[in-house]
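What follows is a set of notes on a single structure, which appears directly below.
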Amino acid sequence: MLRPLPLVAIIFALFLGAPALAQNVQKSGIISLEGRGEVVSAPDMAIISSGVVTMEKTARAALDANSAAMGQLFDLLDAAGIEKRDIQTSNFSVQPQYIYSDQRDQNGYQKPPRIAGYQVSNNVSIKLRDLDKLGSVLDNMVSVGANQINTIDFAINDTAPLLAKARRAAMANAIAKAKLYAEAAGVKLGAIVSISEAAGGIALPRFEAMTLSRGASEQPVPVASGELTFSKQVSVVWKLVQIN
868 MLRPLPLVAI IFALFLGAPA LAQNVQKSGI ISLEGRGEVV SAPDMAIISS
918 GVVTMEKTAR AALDANSAAM GQLFDLLDAA GIEKRDIQTS NFSVQPQYIY
968 SDQRDQNGYQ KPPRIAGYQV SNNVSIKLRD LDKLGSVLDN MVSVGANQIN
1018 TIDFAINDTA PLLAKARRAA MANAIAKAKL YAEAAGVKLG AIVSISEAAG
1068 GIALPRFEAM TLSRGASEQP VPVASGELTF SKQVSVVWKL VQIN
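Following this line, the structure appears as structure tokens:
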């Protein structure tokens, strides 16, 4: 028959186990480090934001002139082998243009502005998957009436392999630093407690807005695509193990 231990015995046993428990707590610890990985690659496509702006006395005339220029632009893009799925209208507007006067009426109030004409703006986003055609396409776009080049962004169609490589490099960087610190401190790395990744990590080269006119250049527009940098940053937490 089992007899219950006296309360004093239980307390004594807990007291004896307390140093061992405290020792285990002191031996446990964590280390948290960040790792960064970068991958550089040349882009394989350009995203062009372009458009046509026309100004006429009437809204109808401005719209007709704009539609004619946009029609020529779409024909040019089709002839360049750009698929319809890579062409998208991004903005369209018809706005009156005012002339403001400093003159005042007989009551001393400033005279209201009058409409001088109408401006029609039609912007289009174009994905060009053959960068060798970029200079000639830009030049021909201006020739048919595209008088606004808002931005040119360079990109890579499939970024998944590059991002995966950057993640591996970031993790390897974090592990290398953690091993170095652990060795210097006389401990070993234990199990990984957590891994977290920071957002972002793609740098896109960009050419900013240009206002162009027909006949502005007889040579294809020189454009350098450069390289894209894909970076990832990871934060890793390990348990530390004492070396006996």
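Start counting the sequence shown at 868; every next residue gets the next number (the working numbering). All C-beta atoms in this analysis are idealised placements derived from N, C-alpha and C, irrespective of residue type, glycine included.
Around the beta carbon of residue 1034, a 10 Å sphere encloses 16 or more other beta carbons of the protein chains shown; the residue is thus reported as buried.
Judged by their CB atoms, residue 1042 and residue 1090 are not nearer to each other than the 8 Å cut-off.
Residue pairing by DSSP places residue 913 opposite 995 and 1021 in a beta bridge. Per DSSP, the beta-bridge partners of residue 971 are 977. Within 10 angstroms of the beta-carbon of residue 907 lie fewer than 16 other beta-carbons, which makes it exposed.
The residue among 1111, 922 and 909 with its C-alpha nearest the C-alpha of residue 1014 is 922.
In this structure residue 901 is in contact with residue 1101, their Cβ atoms being roughly 7 Å apart against a cut-off of 8 Å.
By the criterion of a C-beta distance shorter than 6 Å, residue 933 is surrounded in its chain by 919, 921, 987 and 989, once the five residues flanking it on both sides are discounted. In the DSSP assignment, the residues bridged to residue 963 are 985. A residue is called buried when at least 16 other Cβ atoms come within 10 angstroms of its Cβ; residue 917 meets this threshold and is buried.
Beta-carbon to beta-carbon, residue 991 and residue 956 are separated by about 6 Å, close enough to satisfy the 8 Å threshold. For residue 1004, the enclosing alpha helix (DSSP H) covers residues 1001-1010. Contact between the segment 956-968 and the segment 978-987 is present: three or more C-beta pairs spanning the two stretches fall below 8 Å. Between residue 897 and residue 1056, the C-beta spacing is not below 8 Å.
Membership of residue 903 in any alpha helix (DSSP H) is not indicated; the residue belongs instead to the beta strand (DSSP E) covering 897-908. For residue 1111, the closest of 925, 1054 and 930 by C-alpha to C-alpha distance is 1054. Beta-bridge partners of residue 1092 (DSSP): none assigned. Closest in C-alpha terms to residue 912, from the list 1044, 1095, 1036 and 1103, comes 1095.
For residue 1059, the uninterrupted beta strand (DSSP E) segment begins and ends at 1054-1064. Rounded to whole angstroms, residue 924 and residue 1066 show a C-alpha spacing of 50 Å. When the Cα atoms are used, residue 951 and residue 958 turn out to be separated by approximately 17 Å. When secondary structure is reduced to three states using DSSP, residue 950 falls in the coil class, being assigned neither helix nor strand.
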